[in-house]
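Last residue of the sequence shown: 100 in the working numbering, with the numbers rising by one and none dropped.
By construction, the Cβ of each residue, glycine as well, lies at the ideal position given by its N, Cα and C atoms.
For reference, the structure discussed in these notes is given below.
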Amino acid sequence: MTPTTAGPDRNHTWQVARRLAIEPLPENPEGSVLLVQTLHRPTTRAWSLCAAAVLDFAARVETALA
Numbered sequence: 035m036t037p038t039t040a041g042p043d044r045n046h047t048w049q050v051a052r053r054l055a056i057e058p059l060p061e062n063p064e065g066s067v068l069l070v071q072t073l074h075r076p077t078t079r080a081w082s083l084c085a086a087a088v089l090d091f092a093a094r095v096e097t098a099l100a
């Protein structure tokens, strides 16, 4: 879900620390935000953040916490 390394080849890559967290919203004590630190993934057409997978995961987390 959260790749930490991406790039077009082995010589050119980007790297981030893995982060997946639910943080409270300071202005709304009853609300939270899902933080996902991720890199794009290569697909057959272009690079993609796979937003559908992240949104599906967020919906499942919200359902579990409700």
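State buried or exposed for residue i, treating a residue as buried only when at least 16 other CB atoms are found within 10 Å of its CB.
i, result
"residue 72", "buried"
For a quick check, are the C-beta atoms of residue i and residue j less than 8 Å apart?
i, j, result
"residue 27", "residue 75", "What is shown of the chain runs 35 to 100, which leaves residue 27 out entirely."
With distance defined between alpha-carbon atoms, name the residue in the options nearest to residue i.
i, options, result
"residue 100", "85, 64, 47, 82", "64"
"residue 38", "62, 98, 83, 61", "83"
- Please determine if the stretch 65–77 and the stretch 43–54 are in contact, where contact requires at least 3 C-beta pairs separated by less than 8 Å. Taking one beta carbon from each stretch, the stretch 65–77 and the stretch 43–54 have 3 or more pairs nearer than 8 Å; the two touch.
- Message: To test your reading of the DSSP string, which unbroken beta strand (DSSP E) runs of 3 or more residues are found completely within the stretch 48–95?
- Response: List check, beta strand (DSSP E) in window: 53–59, 62–71.
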